[in-house]
Amino acid sequence: MSIVALAGGVGGAKFVDGISKLVGSGELTVIVNTGDDFNHLGLKICPDIDTICYTLAGLANPETGWGRCGETWNAMETISRLGGPDWFQLGDLDLGLHLERSRCIQQGLTLSQVTLQICQAFAIKDRVIPMSDAEIPTLLLTDEGELSFQEYFVKRNCEPKILGIHFRGIEYAKPAPGVISAIQTADMIVFCPSNPWVSLDPILTVPGIRNAVMVKKPVIAISPIIGGRTVKGPAAKMFEEHGIKPSAFAVAEHFKEMLAGFVYDEVDKKLDNKIKELGIKTFTTNTLMETQMDRVRLADEVINFASE
């Protein structure tokens with residue numbers, strides 16, 4: 084079975100890791116949000132690509148979900164001591180990847196070419212493709228002015244109120260090579276339990292991707308909101324600041340025109356009829372992925388649901 088997963092963040096990384104354990108080499112393609120990418124300390128930083136690659140390679144820090152396991156922080160200690168910007172933490176192992184990626188891009192390679200090299204170096208059997216090779220930074224208009232996503236998410240700890248979201252330059256961007264063909268040939272498409280506003284919307288807004296997804300085939304979304312809250316990240320807060328009550332229903336409604344099926348946590352079973360009224364088939368289960376076994380179980384349930 085050929086599966087395409089749209090993903091970003093820790094939740095997306097955990098879920099695609101579950102799928103990866105179930106399918107053969109080359110059967111999973113992960114299209115990754117790059118709206119979080121930014122330049123820091125003179126380096127090209129791609130948080131979502133790196134979180135997904137580290138997770139698929141078995142190298143992710145199990146406590147945080149991001150960064151490398153067995154990390155050291157000597158470089159950041161020196162930067163901090165010298166008065167440099169230390170609000171975005173880069174471990175020594177992680178820093179090596181950013182240095183090499185930045186060098187390759189400066190020499191003319193595209194982001195998708197460098198990402199392929201990372202996957203090959205880390206023996207990742209799945210295809211990981213950025214949504215675009217163009218720079219499409221997610222900018223947040225807040226009550227404190229315009230902020231890049233990482234300034235909002237890390238430096239300001241999601242505190243400012245969001246008034247609007249803009250993906251700069253997206254109208255001129257193109258999908259990265261392989262994105263459209265992967266979607267067109269997929270047997271199923273999965274929207275991972277990622278933030279709808281700043282992880283999945285950037286991917287779907289790249290010209291050509293939403294139209295490709297809309298072609299008739301099973302498109303399944305998994306709610307990142309459980310009992311009105313997110314496990315990690317500001318998705319619930321973003322719904323509230325858009326005047327929408329955060330819930331699994333709100334996620335389903337956000338993507339309703341594209342979905343054949345929707346997976347959400349059993350604690351929200353009372354929302355079932357309301358979601359079905361959107362014309363979407365539903366499946367309820369335990370969507371928390373606290374262990375490796377949880378990831379595989381959830382992925383298996385989603386694949387079986389899609390096959391129906």
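Residue numbers (my numbering): 84 to 391. Note that the Cβ used here is the ideal one computed from N, Cα and C, for glycine as well.
Beta bridge counterpart(s) of residue i as assigned by DSSP
i      : result
Phe366 : Val346
Ala304 : Phe274 and Phe345
Ala265 : None; Ala265 has no bridge partner.
Lys208 : Its beta-bridge partners do not exist; DSSP assigns none.
Arg151 : Ala143
Gly228 : Thr225 and Asp226
Ile392 : Residue 392 is absent from the model: the chain starts at 84 and stops at 391.
Ile245 : Thr225
Lys127 : Asn122
Thr134 : According to DSSP, which records beta bridges pairwise, Thr134 is partnered with nothing at all.
Val113 : Ala88 and Val211
Pro258 : Ser215
Phe250 : Thr221
Nearest candidate by alpha-carbon position, reference residue i, set the options
i      : options                           : result
Lys97  : Phe121, Asp133 and Ala204         : Asp133
Ser215 : Asp209, Pro260 and Met376         : Pro260
Val262 : Asp383, Glu146 and Val211         : Val211
Ile119 : Lys300, Val385, Pro285 and Gly94  : Residue identity check: residue 119 is Asp in the sequence provided, not Ile. If we check each option's Cα against that of Asp119, Pro285 comes out closest.
Tyr347 : Leu361, Thr365, Phe338 and Glu340 : Thr365
Asn278 : Met84, Gly95, Val87 and Ser85     : Gly95
Tyr255 : Glu229, Phe232, Gln233 and Ala217 : Ala217
Ile201 : Leu354, Ile245 and Ala140         : Ala140
Glu324 : Asn356, Glu110, Leu246 and Glu360 : Leu246
Lys339 : Ser390, Ala304, Leu371 and Gly191 : Ala304
Lys257 : Leu287, Leu283, His181 and Asp383 : Leu287
C-beta contact flag for residue i and residue j at 7 angstroms
i      : j      : result
Gly344 : Phe388 : yes
Ala333 : Ile358 : no
Val115 : Asp131 : yes
Leu342 : Ile327 : no
Ile272 : Val237 : no
Asn144 : Cys152 : yes
Thr374 : Glu349 : no
Ala158 : Asp169 : no
Val296 : Thr221 : no
Gly252 : Ile219 : yes
Leu361 : Ala331 : no
Leu111 : Ile86  : yes
Leu194 : Pro213 : yes
Tyr235 : Leu223 : yes
Val93  : Gly148 : yes
Ala382 : Ile102 : yes
Buried or exposed (CB count within 10 angstroms, at least 16 for buried), residue i
i      : result
Gly107 : exposed
Asp226 : exposed
Val400 : Past the edges of the chain, shown from 84 to 391, lies residue 400, and the structure says nothing about it.
Leu89  : buried
Gly166 : exposed
Pro290 : exposed
Lys127 : buried
Thr198 : buried
Thr138 : buried
Thr117 : buried
Gln233 : buried
Ser231 : buried
Ser264 : exposed
His337 : buried
Gly228 : exposed
Gly91  : buried
Met372 : buried
Gly150 : buried
Met321 : buried
Arg164 : exposed
Arg378 : buried
Proximity test, residue i beta-carbon vs the ligand GDP heavy atom, cut-off 6 angstroms
i      : result
Val314 : The model depicted lacks the ligand GDP and carries no ligand whatsoever.
Touch check for the region 116-134 and the region 305-319: three-plus C-beta pairs under 8 angstroms? Using a Cβ-Cβ distance cut-off of 8 angstroms, the region 116-134 and the region 305-319 are not in contact, since fewer than three pairs of beta carbons, one from each stretch, lie closer than that value.
Determine contact between the region 239-248 and the region 199-207, defined as no fewer than three beta-carbon pairs at a distance below 8 angstroms. No: the two stretches stay apart, fewer than three of their Cβ pairs being nearer than 8 angstroms.
So, does the region 315-329 touch the region 261-272, judging by three or more C-beta pairs under 8 angstroms? Under the Cβ criterion (8 angstroms, minimum of three pairs), the region 315-329 does not count as touching the region 261-272.
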